[in-house]
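Numbering (the working numbering), first residue to last: 3 to 342.
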């Protein structure tokens, strides 16, 4: 198949594009390569993709453009007819959204509108897109289920991703566009994002400087290794969303619809205490570092825990990487990439 992967220079997008190339798909990557975090890491990921395509003899092209640029997307869809679109590009970051909301309007709302329109006019067979566990917001009922309400986000980032889900439903309903939204839980692993906690913890451990631990360490996260996430994304993309024949308008299920629309959690289904994750990193690095215990940050949530029953039932999703093994692989990559 020919697949468009947006956010191909990003953490998850890079791994998804590489997995598709390895199974023989033709891939078009799309990314603006902004400076939200170190662009050199993004460029290194792109070089890895080019090398993988060359080694595999796979067909791969890359478009360097902004998804908020409607004309750029229209040109891309005019040049290619896609069997699948996997939309992973977004302005990420919970805390960045508190002070920079306009970045999220452009990258998460305008860009997603452009993507929906392009897929509609091209009659794309299936659009799979990234949402986030952050949409659960003020909800504290664990594990988080797609069948629960997700209408009380605690930061603007989560609000824009929840808006994406609602926008997708409108297009699925009006135009019959099959859409699948995936609510990612905390993803970590090689080639990860420097703005996320595993990377930050690693930097402090290597430097021997105190790790800032918020909520006084009383956090747990459904840390999910990136290869497990990639498997779920690819399987979900292959599985075209269909209407739920049992859906009832007098008791509407938020995760499905009478339209070809689905929302799934994608996580490890195994929350880990933040302190335990830090200790696993320290063990892998072979050194320890002090902690600085601090109050909860604005917009943060105490815990996350993914119920992945629906994705398992739909596509056979089975996350299988234990945290200690995933952390070991991440540290191995980190040492190699940064010469530690």
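Built from N, CA and C at the ideal position, the CB exists for glycine as well.
Excluding five sequence neighbours on each side, which residues of the same chain lie with their C-beta closer than 6 Å to the C-beta of residue i?
{"i": "residue 203", "result": "213, 280, 283"}
{"i": "residue 15", "result": "7, 9, 90"}
{"i": "residue 144", "result": "307"}
{"i": "residue 215", "result": "293, 295"}
{"i": "residue 135", "result": "185, 187, 306"}
{"i": "residue 112", "result": "70"}
{"i": "residue 128", "result": "86, 180, 242"}
Assuming residue i is part of the beta strand (DSSP E), what are its boundary residues?
{"i": "residue 64", "result": "62–66"}
{"i": "residue 81", "result": "Segment 72–81 is the alpha helix (DSSP H) holding residue 81; no beta strand (DSSP E) there."}
{"i": "residue 132", "result": "129–134"}
{"i": "residue 7", "result": "4–8"}
{"i": "residue 33", "result": "28–33"}
{"i": "residue 242", "result": "Here residue 242 belongs to no beta strand (DSSP E), and DSSP marks it neither H nor E."}
{"i": "residue 263", "result": "263–268"}
Between which two residues does the alpha helix (DSSP H) containing residue i stretch?
{"i": "residue 175", "result": "158–177"}
{"i": "residue 186", "result": "Per DSSP, residue 186 belongs to no alpha helix (DSSP H); it is in the beta strand (DSSP E), 181–186."}
{"i": "residue 47", "result": "41–58"}
{"i": "residue 342", "result": "Neither: residue 342 is in no alpha helix (DSSP H) and is coded neither H nor E."}
{"i": "residue 315", "result": "311–317"}
{"i": "residue 15", "result": "13–24"}
CB residue i to CB residue j, shorter than 8 Å?
{"i": "residue 187", "j": "residue 226", "result": "yes"}
{"i": "residue 85", "j": "residue 5", "result": "yes"}
{"i": "residue 140", "j": "residue 118", "result": "no"}
{"i": "residue 58", "j": "residue 11", "result": "no"}
{"i": "residue 66", "j": "residue 34", "result": "yes"}
{"i": "residue 273", "j": "residue 222", "result": "yes"}
Looking only at its own chain, which residues have a Cβ that is under 8 Å from the Cβ of residue i, when we skip the five neighbours before and after it?
{"i": "residue 229", "result": "17, 191, 323"}
{"i": "residue 317", "result": "234, 237, 238, 240, 241"}
Are the C-beta of residue i and some C-beta of chain D separated by less than 8 Å?
{"i": "residue 18", "result": "The structure shown contains no chain D; it holds only a single protein chain."}
_Cβ contact check for the region 22–42 and the region 79–95: 3 or more pairs under 8 Å_ = yes
*Segment contact, 8 Å Cβ cut-off, at least three pairs: the region 299–310 with the region 246–265*: no
*State whether the region 156–166 contacts the region 236–253, with contact taken as three or more CB pairs (one from each stretch) at a distance under 8 Å.*
no
*asked:* List, from N- to C-terminal side, the beta strand (DSSP E) runs of 3 residues or more that fit wholly inside the region 87–149.
replied: Assignment of beta strand (DSSP E) within the region 87–149, counting only whole runs of 3 or more residues, yields 129–134 in chain order.
*Unbroken alpha helix (DSSP H) runs of length 4 or more, entirely within the region 256–307: which are they?*
Qualifying alpha helix (DSSP H) stretches, in chain order: 276–287.
*What beta strand (DSSP E) runs, 3 residues minimum, are completely inside the region 208–233?*
213–215
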